[in-house]
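Asker: Here you go, one structure.
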Amino acid sequence: MKGIFKLVILDTNIVSYIFNKDTRALYYQNQIQGRRVLISFQTLEELWYGAYTKGWGDRRKNELAHHLEQYEIIWPSSELVTICARLRSERKSVGREMRESDAWIAATAIMLDCALASHDHDFSDIPDLELIQAPAPS
30 MKGIFKLVIL DTNIVSYIFN KDTRALYYQN QIQGRRVLIS FQTLEELWYG AYTKGWGDRR
90 KNELAHHLEQ YEIIWPSSEL VTICARLRSE RKSVGREMRE SDAWIAATAI MLDCALASHD
150 HDFSDIPDLE LIQAPAPS
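Residue numbers for the sequence shown follow my numbering, so the first one is 30 and each next one is one higher.
Printed below as a string of structure tokens:
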């Protein structure tokens, strides 16, 4: 436990679900309640990339900017770079190559020794990564 609150990193899909009031957000909002919520710089980039790619107008982009103010952003450091590179190398060595964008997000959670909330099942078998993930529908 870091400080008063347990930390949690949100993957891009979770921030997007919350922002868009998607029903899938409910599970994650319950799981992260009372935690200090952080996002990786990579998530920030992915969200803004999506906004520009979809041609959002000023109003919608302002809504996104306002929404993002609630999250603390973790920026790259030499420690994060090293953890990310090692993670990608380890994943490749076991035949589970990882996209660079996913590696940044997972490495951020590993560096901070905190959970990652993600709907992406590519994170499910990473050693040393605590994952908060909705159960698969039955």
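C-beta atoms are modelled at their ideal positions from N, C-alpha and C, and glycine is treated no differently.
#1: What separation, rounded to the nearest whole angstrom, lies between the Cα atoms of V44 and S122?
#2: To which residues of the same chain is K35 closer than 6 Å at the C-beta, ignoring the five residues directly before and after it?
#3: Can you pull the DSSP bridge partners for R64?
#4: I43 lies in the alpha helix (DSSP H); which residues open and close that run?
#5: Any idea what DSSP makes of E126, helix, strand or coil?
#6: Shortest alpha-carbon distance to L39 belongs to which of A136, D157, T111?
#7: Do the region 148–159 and the region 41–56 meet, that is, are 3 or more Cβ pairs less than 8 Å apart?
#8: How is A163 classed by DSSP in three states: helix, strand or coil?
Answerer: The relevant details are as follows:
#1: Counting from 1 along the sequence shown, the entry for residue 44 is found at position 15. Counting from 1 along the sequence shown, the entry for residue 122 is found at position 93. Answer to the nearest angstrom: the Cα atoms are 31 Å apart.
#2: To locate residue 35, count along the sequence shown from 1; it is residue 6. Cβ within range, chain order: R64.
#3: Translated into positions along the sequence shown, residue 64 becomes position 35. R64 is not bridged to any residue.
#4: Numbered from its first residue, the sequence shown carries residue 43 at position 14. Per DSSP, I43 belongs to the alpha helix (DSSP H) from 41–48.
#5: As a working note, residue 126 is residue 97 in the sequence shown. Correct three-state label for E126: coil.
#6: One-based indexing of the sequence shown puts residue 39 at position 10. Of A136, D157, T111, the residue nearest in Cα terms is A136.
#7: yes
#8: Numbered from its first residue, the sequence shown carries residue 163 at position 134. It is coil, neither helix nor strand.
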